[in-house]
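In case it helps, the working numbering puts the sequence shown at residues 12 to 121.
In what follows, a structure is listed as structure tokens, so that the remarks can point back to it.
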Amino acid sequence: MKNMKEFDERIKENPYYTSWTNSYGGFKDSINDDGVINYEGLSDEDKLRLYVYAWNKAGYLPRKSSVIKKFGWTEKQFKAVYTLAGNIRTQPTFSEDTGLINGRGYSFEF
């Protein structure tokens, strides 16, 4: 596993997410930016760690679907990488609208 200093050096721009209710159509709209992160030369486990660490550093818990989409993994590949990574934990996520639990995200444990 890489150390936090190495991870911080690989994060050029933090990921970003925001959402709001569109007043014209009454629908939910959002902006999602994965930031600028260098994954070159990393193992799949370290890619997962770095992705989760970067989103956690920005104040968000990434979901499994966003990880799978980012790296093009299957559910089976994700499960294998998640198991090998070891220090990634699931945490409940909450709705911005209701404050109720609406799923789970991943956090990096030091």
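Ideal placement from N, C-alpha and C gives every residue a C-beta, glycine not left out.
Hey, quick one: how far does the alpha helix (DSSP H) through Thr94 stretch, first residue to last? The count along the sequence shown starts at 1 and reaches residue 94 at position 83. 86–96 is the span of the alpha helix (DSSP H), which, as asked, contains Thr94.
State the DSSP-derived secondary structure class of Tyr71, mapped to helix, strand or coil. The count along the sequence shown starts at 1 and reaches residue 71 at position 60. Tyr71: coil per DSSP, three-state reduction.
Do you know whose CA, among Glu20, Ile22, Tyr117, lies nearest Val78's CA? Translated into positions along the sequence shown, residue 78 becomes position 67. Ranking the options by Cα distance to Val78, first place goes to Tyr117.
Does DSSP put Phe38 in a helix, a strand or coil? Position 27 of the sequence shown holds residue 38. DSSP places Phe38 in coil when its eight states are reduced to three.
For Glu20, the first and last residue of its enclosing alpha helix (DSSP H): Numbered from its first residue, the sequence shown carries residue 20 at position 9. Under the DSSP assignment, Glu20 falls in the alpha helix (DSSP H) whose first and last residues are 15–21.
Selected residue, minimal CA-CA separation from Ile48, among Thr85, Phe89, Ile22: The count along the sequence shown starts at 1 and reaches residue 48 at position 37. Closest by alpha carbon: Ile22.
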